[in-house]
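Chemist: Per this note's numbering, the sequence shown starts with residue 12, numbered consecutively. In this text, a Cβ means the ideal position worked out from N, Cα and C, and glycines have one as well. Computed from a predicted model, the values in this text were never measured in an experiment. For reference, the structure I am asking about is given below.
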Amino acid sequence: MTTALPRDLSCPRIAPRKDGSLSLSRIVAGMWRMTEWDMTVEARIAFIEQCIALGVTSFDHADIYGNYGVEGLFGDALRAQPSLRDRIELVSKCGIKLLSSKRPDHTIQHYDTTREHIVASAEESLRQLHTDRLDLLLIHRPDPLMDFDEIAEAFTQLKRAGKVLHFGVSNFSRHQFESLDRRIALATNQVEFSPLHVAPMFDETFDGLQDRGVAPMIWSPLAGGRLFSAHDANAETLRLVIKDIADRLHQPFASVVFAWIMQLPSRPIPLTGSGRIEAIGVAVAGTTFRLPRADWFAILRAARGHEVA
Ligand SMILES: NC(=O)c1ccc[n+]([C@@H]2O[C@H](COP(=O)([O-])OP(=O)(O)OC[C@H]3O[C@@H](n4cnc5c(N)ncnc54)[C@H](OP(=O)(O)O)[C@@H]3O)[C@@H](O)[C@H]2O)c1
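This is the structure:
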């Protein structure tokens, strides 16, 4: 984990939809935990600048992050330094209504994918982020009451107004993704995936996206930090296997995990979760090498606790 990173690290770019309409950095900086980072506005600007210097220009948000507070923290940085906006891509999400003192009208935690809520939530994200447009807006969770036609209409309305340039979903099944994608072109499905959560490889999520030429975005690629801290036998074994490969390849531990994820043919786009620029660099380093097939399968075997048949 102490392996030095190359000085000239530069994150490549990726078109999540193969038609090339949207371009993101190959690694996207996740902002979910930003309230925990306790940064001044100057520190937030410096962090965004350091990410851009590494080629990490895409930033992942949601209306609800930090109890409806993270977009505002990020927006304060954009207001203080407006020239940042045209150098980055902003991703946000909508559709969850949290119980929160900031939203006293919410009487129960629930989903809302009505046209009215999607449009209002996107407009509030624009206000909080101090911007006139989102590059990508995702429906955060599949809503049992969602109407695919209505979501497509909301997306079309936001696109016509120039308020949102591209759309996607998060945590959708293959069938849910394809149902909405038939109505309006989606750029991604953002799902949980890591060596401690391999389900999307086996439940058709990744296969379906690969077939459509759409790249998934990956949340919690380091299992929210549990890859480093979990003490159950499975996690301990997995950690030893990854560490052995990392030492042999002279790469940082987390770079091997990011490389393992990005090697999948559906072209997964991992999100980072850290406010440390070194951790973003380690993720970018994962774009610079591929794992030998035997090492890739050694991690899969340790992740699942058994060989492939
Ligand atoms: N769509 C969804 O439903 C959904 C759900 C959850 C998250 N997300 C998105 O995904 C992003 C990433 O998720 P995540 O934060 O769970 O990602 P993650 O990378 O799996 O976990 C980040 C955590 O791992 C720790 N970590 C990173 N490198 C480490 C190292 N070398 N040693 C020890 N700990 C290390 C970080 O601690 P430090 O801060 O100390 O580095 C942080 O607490 C979020 O920011 C958010 O944008 C989306």
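Do the CB positions of Val67 and Thr283 come within less than 9 Å of each other?
Modeler: Your numbering for residue 67 matches position 56 in the sequence shown. Your numbering for residue 283 matches position 272 in the sequence shown. In this structure, Thr283 lies closer than 9 Å to Val67 by Cβ.
Chemist: Using a threshold of 9 Å, state whether the C-beta atoms of Ser285 and Arg37 are closer than that.
Modeler: Translated into positions along the sequence shown, residue 285 becomes position 274. Translated into positions along the sequence shown, residue 37 becomes position 26. Not in contact: Ser285 and Arg37 (Cβ atoms no closer than 9 Å).
Chemist: Please report the distance separating the alpha-carbon of Met12 from that of Val267.
Modeler: In the sequence shown, counting from the first residue as 1, residue 12 sits at position 1. In the sequence shown, counting from the first residue as 1, residue 267 sits at position 256. Reliability fails at Met12, whose pLDDT of 45 lies under 50, so the model's placement of it is uncertain and the value that follows must be treated cautiously. So the alpha carbons of these two residues sit roughly 10 Å apart.
Chemist: Just checking my contact of Ala88 with Ile56 at CB under 8 Å: how many whole Å lie between their CB atoms?
Modeler: Within the sequence shown, residue 88 is the residue found at index 77, counting from 1. Within the sequence shown, residue 56 is the residue found at index 45, counting from 1. The Cβ separation is near 5 Å, so the contact holds.
Chemist: Helix, strand or coil for Asp71, going by three-state DSSP, please let me know.
Modeler: Counted from its first residue, the sequence shown places residue 71 at position 60. Asp71: strand per DSSP, three-state reduction.
Chemist: Rounded to whole angstroms, what's the CA-CA distance from Ala73 to Lys104? Just pull it up for me.
Modeler: Counted from its first residue, the sequence shown places residue 73 at position 62. Counted from its first residue, the sequence shown places residue 104 at position 93. The alpha-carbon atoms of Ala73 and Lys104 are separated by roughly 4 Å.
Chemist: Whole angstroms are fine: how far does the CA of Leu35 sit from the CA of Val209?
Modeler: Along the sequence shown, one-based indexing puts residue 209 at 198. Along the sequence shown, one-based indexing puts residue 35 at 24. Those two C-alpha atoms are separated by around 24 Å.
Chemist: First and last residue of the alpha helix (DSSP H) that includes Leu140?
Modeler: Residue 140 sits at position 129 when you count from the first residue of the sequence shown. Start and end: 126-140.
Chemist: With 16 as the cutoff for other CB atoms within 10 Å, does Lys108 come out buried or exposed?
Modeler: The residue labelled residue 108 in the question sits at position 97 within the sequence shown. The residue in question, Lys108, is buried, as its Cβ has 16 or more Cβ neighbours within 10 Å.
Chemist: If we call anything under 9 Å between Cβ atoms a contact, is Ser170 one with Glu134?
Modeler: Against the sequence shown, residue 170 aligns to sequence position 159. Against the sequence shown, residue 134 aligns to sequence position 123. Looking at the sequence itself, residue 170 is Lys, so the reference to Ser does not match. No; because the gap between Cβ atoms is not below 9 Å, this pair is not in contact.
Chemist: What three-state label does DSSP hand Leu191 in the structure shown?
Modeler: Translated into positions along the sequence shown, residue 191 becomes position 180. Note: Leu191 maps to helix in three-state DSSP.
Chemist: For Arg144 and Phe264, what's the separation of their Cα atoms in angstroms?
Modeler: Taking the first residue of the sequence shown as position 1, residue 144 is located at position 133. Taking the first residue of the sequence shown as position 1, residue 264 is located at position 253. So the alpha carbons of these two residues sit roughly 37 Å apart.
Chemist: Given the structure, does Ala290 come close to ligand 1, in the sense that its CB is under 8 Å from one of the ligand's heavy atoms?
Modeler: For the purposes of this step, residue 290 is taken as residue 279 along the sequence shown, with counting starting at 1. Indeed, a heavy atom of ligand 1 lies less than 8 Å from the Cβ.
Chemist: For the candidate residues Ala296, Leu148, Asp154, whose alpha-carbon lies nearest to that of His121?
Modeler: As a position in the sequence shown, residue 121 is number 110, starting the count at 1. Nearest of Ala296, Leu148, Asp154 to His121, Cα basis: Asp154.
Chemist: Looking at ligand 1, does it come within less than 8 Å of His151, judged from the CB to the closest heavy atom?
Modeler: Counting from one through the sequence shown, the residue named residue 151 turns up at place 140. Yes, Cβ of His151 sits closer than 8 Å to a heavy atom of ligand 1.
Chemist: Starting from His46, follow the alpha helix (DSSP H) in both directions and report where the run begins and ends.
Modeler: By one-based count along the sequence shown, residue 46 stands at place 35. A small fix is needed here, since residue 46 is Thr in this sequence, not His. Residues 45-48.
Chemist: Determine contact between the region 18-30 and the region 211-228, defined as no fewer than three beta-carbon pairs at a distance below 8 Å.
Modeler: Verdict: yes, contact present.
Chemist: Met273 lies in the beta strand (DSSP E); which residues open and close that run?
Modeler: Mapped onto the sequence shown, residue 273 falls at position 262. In the DSSP annotation of this structure, Met273 is not part of any beta strand (DSSP E); the continuous alpha helix (DSSP H) holding it starts and ends at 264-273.
Chemist: Given this structure, state the Cα-to-Cα distance separating Pro303 from Leu238, to the nearest angstrom.
Modeler: If you number the sequence shown from 1, residue 303 lands on position 292. If you number the sequence shown from 1, residue 238 lands on position 227. Looking at the two C-alpha atoms, the distance is approximately 21 Å.
Chemist: Give the straight-line distance between the Cα atoms of His141 and Pro232, rounded to the nearest whole angstrom.
Modeler: Within the sequence shown, residue 141 is the residue found at index 130, counting from 1. Within the sequence shown, residue 232 is the residue found at index 221, counting from 1. Take the alpha-carbon of His141 and the one of Pro232: they are about 29 Å apart.
Chemist: Following a CB-centred definition, is Phe178 positioned closer than 8 Å to any heavy atom of ligand 1?
Modeler: In the sequence shown, the residue the question calls residue 178 occupies position 167. Residue side-chain check: Phe178 keeps its Cβ at 8 Å or more from all non-hydrogen atoms of ligand 1.
Chemist: Alpha carbon to alpha carbon, how far is Leu191 from Leu220? Give it in angstroms, no decimals.
Modeler: Within the sequence shown, the letter at position 209 stands for residue 220. Within the sequence shown, the letter at position 180 stands for residue 191. So the alpha carbons of these two residues sit roughly 13 Å apart.
Chemist: Would Pro206 and Ala294 be called neighbours here (beta carbons separated by less than 9 Å)?
Modeler: Locating residue 206 in the sequence shown gives position 195, counting from the first residue. Locating residue 294 in the sequence shown gives position 283, counting from the first residue. Their beta carbons are not under 9 Å apart, which means Pro206 does not touch Ala294 by this criterion.
Chemist: Output the boundary residues of the beta strand (DSSP E) element that contains Lys104.
Modeler: On the sequence shown, position 93 is the one that residue 104 refers to. Start and end: 100-105.
Chemist: Should Gln187 be counted as a contact of ligand 1 given a C-beta to heavy atom distance under 8 Å?
Modeler: As a working note, residue 187 is residue 176 in the sequence shown. Gln187 Cβ: outside cutoff for every heavy atom of ligand 1.
Chemist: Any heavy atom of ligand 1 closer than 8 Å to the Cβ of Ser136?
Modeler: Position 125 of the sequence shown, counting from 1, holds the residue named residue 136. For ligand 1, not one heavy atom lies less than 8 Å from the Cβ of Ser136.
Chemist: Quick check on Asp256: does DSSP put it in helix, strand or coil?
Modeler: The residue given as residue 256 occupies position 245 in the sequence shown. According to the sequence as given, residue 256 is Ile; it is not Asp. Note: Ile256 maps to helix in three-state DSSP.
Chemist: Curious, which full-length alpha helix (DSSP H) runs of at least 4 residues does the region 25-65 contain?
Modeler: DSSP runs (the alpha helix (DSSP H)) wholly in the region 25-65: 45-48, 52-64.
Chemist: Just curious, the beta strand (DSSP E) that Asn78 is in, first and last residue?
Modeler: For the purposes of this step, residue 78 is taken as the residue at position 67 of the sequence shown. No beta strand (DSSP E) holds Asn78; the alpha helix (DSSP H) holding it covers 76-79.
Chemist: To the nearest angstrom, how far is the alpha carbon of Asp146 from that of Gly80?
Modeler: Taking the first residue of the sequence shown as 1, we reach residue 146 at position 135. Taking the first residue of the sequence shown as 1, we reach residue 80 at position 69. Roughly 20 Å separates the two Cα atoms.
Chemist: DSSP has Lys174 in a bridge; who is on the other side?
Modeler: Your numbering for residue 174 matches position 163 in the sequence shown. As DSSP reads the structure, Lys174 sits in no beta bridge.
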